[in-house]
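**Q** Going down the list, the protein sequences come from chains B and C. Count the first sequence with the working numbering and you get residues 323 to 498, in order. Count the second sequence with the working numbering and you get residues 323 to 498, in order.
There are 2 protein chains.
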Amino acid sequence: MEAPVVRGKVEAQIANDPEARAGGALPYELIELFFFAYRDFVSDPDRILAELEFGRAHHRVLHFVNRNPGLTIAELLDILKITKQSLNRVLKELVGTAFIEVRTGQADRRQRHLHATASGHALAARLAAVQGERIRQALQSVPASAHPAIEAYLTAMIDPEERKQVLSRIRKGPVG
Amino acid sequence: MEAPVVRGKVEAQIANDPEARAGGALPYELIELFFFAYRDFVSDPDRILAELEFGRAHHRVLHFVNRNPGLTIAELLDILKITKQSLNRVLKELVGTAFIEVRTGQADRRQRHLHATASGHALAARLAAVQGERIRQALQSVPASAHPAIEAYLTAMIDPEERKQVLSRIRKGPVG
DNA sequence: CCATATATGTCAGCCTTATTGACATATCTC
DNA sequence: GAGATATGTCAATAAGGCTGACATATATGG
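(1) Give the residues from the region 464 to 484 of chain C that approach chain B closer than 8 Å (Cβ to any Cβ), ordered along the chain.
(2) Could you name the residues of chain B that residue 454 (chain C) contacts, counting a contact when the two beta carbons are closer than 7 Å?
(3) Can you grab the Cα-Cα spacing for the pair residue 365 (chain C) / residue 429 (chain B), in whole Å?
(4) What are the boundary residues of the beta strand (DSSP E) that includes residue 436 (chain C)?
(5) In chain order, what residues of the same chain lie with their CB nearer than 8 Å to the CB of residue 452 (chain B), ignoring the 5 residues before and after it?
(6) Against chain B, does residue 451 (chain C) count as a neighbour if the rule is that its beta carbon must be under 8 Å from one of theirs?
(7) What is the DSSP secondary structure of residue 364 (chain C), reduced to helix, strand or coil?
(8) Is the shortest distance between the beta-carbon of residue 404 (chain B) and the beta-carbons of chain C less than 8 Å?
(9) Between which two residues does the beta strand (DSSP E) containing residue 425 (chain C) stretch?
(10) Less than 8 Å between the beta carbons of residue 360 (chain C) and residue 360 (chain B), yes or no?
(11) How about residue 439 (chain B) and residue 421 (chain B): are their beta carbons less than 8 Å apart?
(12) Relative to the C-alpha of residue 436 (chain C), which residue among C:471, C:449, C:396 and C:376 is closest?
(13) Residue 376 (chain C) CB to nearest chain B CB: under 8 Å?
(14) Have a look at C:457, C:468, C:434 and C:462 and flag the residue whose alpha-carbon is nearest the alpha-carbon of residue 391 (chain C).
(15) Measure how close the beta-carbons of residue 348 (chain C) and residue 380 (chain C) come, nearest whole angstrom, since I'm counting them as under 8 Å.
(16) How big is the Cα-Cα spacing for residue 481 (chain B) and residue 457 (chain B)?
(17) Can you name the residues of chain B whose CB is closer than 7 Å to the CB of residue 412 (chain C)?
(18) Return the chain-ordered list of same chain residues with a C-beta closer than 8 Å to the C-beta of residue 494 (chain C), the five sequence neighbours on each side being excluded.
(19) Would you call residue 418 (chain C) buried or exposed, if buried means 16 or more other Cβ atoms sit within 10 Å of its Cβ?
(20) Am I right that residue 468 (chain C) and residue 463 (chain B) are in contact with their C-beta atoms under 8 Å? What's the rounded C-beta distance?
(21) Report all residues from its chain with a CB closer than 8 Å to the CB of residue 442 (chain C); omit the five preceding and five following residues, and keep chain order.
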């Protein structure tokens, strides 16, 4: 998974001259660590995806469909925050290669419910496995007592307005 | 800052059927938290950059030039891991808008040493300030005793072969 | 039953940021 | 002077976003 362009809401408004801020020195180390950590975090899936001629966009779609079986197009657009035109291109490819299956809604026949196929599930799990392995290894370099703090920190990095929604989607129990 | 595509080296090689792994459940929560955290982390600069008709590529270049005054083209390419053609496009724009200044090397006149101008420094600081504010706020939601663990965790997420180099570049002392 | 709203699909064109390959120029080093 | 090195540039291509416009199927409310 890699972050798409997102137009969220302005949060911390800081005076135009940041040098004159009250807070003092900027946390350059953490800014750069986060940048490099994320860069390498997505590099593992990238290599697997390249074998299949897929990109990060495919990964994101497959990941969330696998994690949320029966997801509709509208829900997926809301998670990914991209346009339906952009989604459609990669979704078509994932359906065409039988990693994702589309089912017409029962209650509302306008809706399309997305499901990972067996091979889609396997690929999603393989991609999550390499990322999970990096996370697991990184956690080991830190006392276990600090693990909850890491989760709390990452959660607090998310826009406050989105936090609740994100957390509710995340805590679904293992689908992998 | 946002991560460019990177072709690192394969690290954790996991059996093709991740379901059969020894480790057990995959850390889906941390995978998704990292994704959403990074997405929002880059959204703040994105809004400022949009005002100036700049993109993330400009941010990355300006950031590292500001942090490493006198950086050469080759060194910058090594940090960003993009091609010189890609770099040149955004660099030209940053030089054209006088956010970055190019100086011919003294010892080696083939080299170009890059420096942020006063306005480049101000913009870089402004961008770092919004990201720093998000980080500062996130750190507050965690006991201060866990702060070193967060730094250690992010460091451990970086490819081991790159870690030393990254850390040595990061620990430069405040240039902002 | 009809009008309108909703969920999705699709066409066409554009932008940014990356890529590869080829080649040019200036300068340094042996 | 020959060759290596640092940088610049031209051209073509690709991925993955975007906007705008429009089509279709289905639901829903009056």
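From the three backbone atoms N, C-alpha and C, an ideal C-beta is built for every residue, glycine too. Note that this is a predicted model, so its numbers are computed, not measured.
**A** Put simply:
(1) Against chain B - using a Cβ distance shorter than 8 Å - the residues of the region 464 to 484 of chain C are 464, 465, 468, 471, 472, 473, 474, 475, 476, 477, 478, 479, 480, 481 and 484.
(2) Counting from 1 along the second sequence, the entry for residue 454 (chain C) is found at position 132. What residue 454 (chain C) touches in chain B: 348, 349 and 353.
(3) Position 43 of the second sequence holds residue 365 (chain C). Position 107 of the first sequence holds residue 429 (chain B). Going from the Cα of residue 365 (chain C) to the Cα of residue 429 (chain B) covers about 37 Å.
(4) Taking the second sequence and counting its residues from 1, one reaches residue 436 (chain C) at position 114. It spans 434 to 438 - the beta strand (DSSP E) in which residue 436 (chain C) sits, taken as one unbroken run.
(5) Indexing the first sequence from 1 puts residue 452 (chain B) at position 130. Counting only Cβ-Cβ distances below 8 Å, and skipping sequence neighbours, we find 366, 367 and 370.
(6) Here residue 451 (chain C) corresponds to residue number 129 of the second sequence, with the count starting at 1. Yes, its Cβ sits closer than 8 Å to a Cβ of chain B.
(7) Within the second sequence, the letter at position 42 stands for residue 364 (chain C). Note: residue 364 (chain C) maps to helix in three-state DSSP.
(8) Walking along the first sequence from the start, residue 404 (chain B) turns up at place 82. Not one chain C Cβ lies under 8 Å of residue 404 (chain B).
(9) For the purposes of this step, residue 425 (chain C) is identified with residue 103 of the second sequence, where counting begins at 1. Taken as a continuous stretch (DSSP letters only), the beta strand (DSSP E) holding residue 425 (chain C) covers 422 to 426.
(10) Along the second sequence, read from residue 1 onward, the residue named residue 360 (chain C) stands at position 38. Along the first sequence, read from residue 1 onward, the residue named residue 360 (chain B) stands at position 38. Taking 8 Å as the Cβ cut-off, residue 360 (chain C) and residue 360 (chain B) qualify as a contacting pair.
(11) The count along the first sequence starts at 1 and reaches residue 439 (chain B) at position 117. The count along the first sequence starts at 1 and reaches residue 421 (chain B) at position 99. One thing to note: residue 439 (chain B) has its Cβ within 8 Å of the Cβ of residue 421 (chain B).
(12) For the purposes of this step, residue 436 (chain C) is identified with residue 114 of the second sequence, where counting begins at 1. Out of C:471, C:449, C:396 and C:376, C:396 has the C-alpha closest to the C-alpha of residue 436 (chain C).
(13) On the second sequence, residue 376 (chain C) is found 54 positions in, with the first residue counted as 1. Chain B contact via Cβ: absent.
(14) In the second sequence, the residue the question calls residue 391 (chain C) occupies position 69. Closest by alpha carbon: C:434.
(15) Counting from 1 along the second sequence, the entry for residue 348 (chain C) is found at position 26. Counting from 1 along the second sequence, the entry for residue 380 (chain C) is found at position 58. No, residue 348 (chain C) and residue 380 (chain C) are not in contact; Cβ-Cβ is about 36 Å, not under 8 Å.
(16) Translated into the one-based positions of the first sequence, residue 481 (chain B) becomes position 159. Translated into the one-based positions of the first sequence, residue 457 (chain B) becomes position 135. If you draw a straight line from the Cα of residue 481 (chain B) to the Cα of residue 457 (chain B), it comes to about 22 Å.
(17) By one-based count along the second sequence, residue 412 (chain C) stands at place 90. Using a Cβ-Cβ cut-off of 7 Å, residue 412 (chain C) is close to nothing in chain B; its nearest Cβ partner there is about 16 Å away.
(18) Mapped onto the second sequence, residue 494 (chain C) falls at position 172. Cβ-Cβ distances below 8 Å link residue 494 (chain C) to 389 and 390 in the same chain, with the five nearest sequence neighbours on each side left out; the list follows chain order.
(19) As a position in the second sequence, residue 418 (chain C) is number 96, starting the count at 1. So residue 418 (chain C) counts as exposed.
(20) As a first step, residue 468 (chain C) must be located in the second sequence, where it is residue number 146. As a first step, residue 463 (chain B) must be located in the first sequence, where it is residue number 141. No, residue 468 (chain C) and residue 463 (chain B) are not in contact; Cβ-Cβ is about 14 Å, not under 8 Å.
(21) Position 120 of the second sequence, counted from the first residue, corresponds to residue 442 (chain C). 384, 387, 388, 416, 420, 421, 422 and 423, listed in sequence order.
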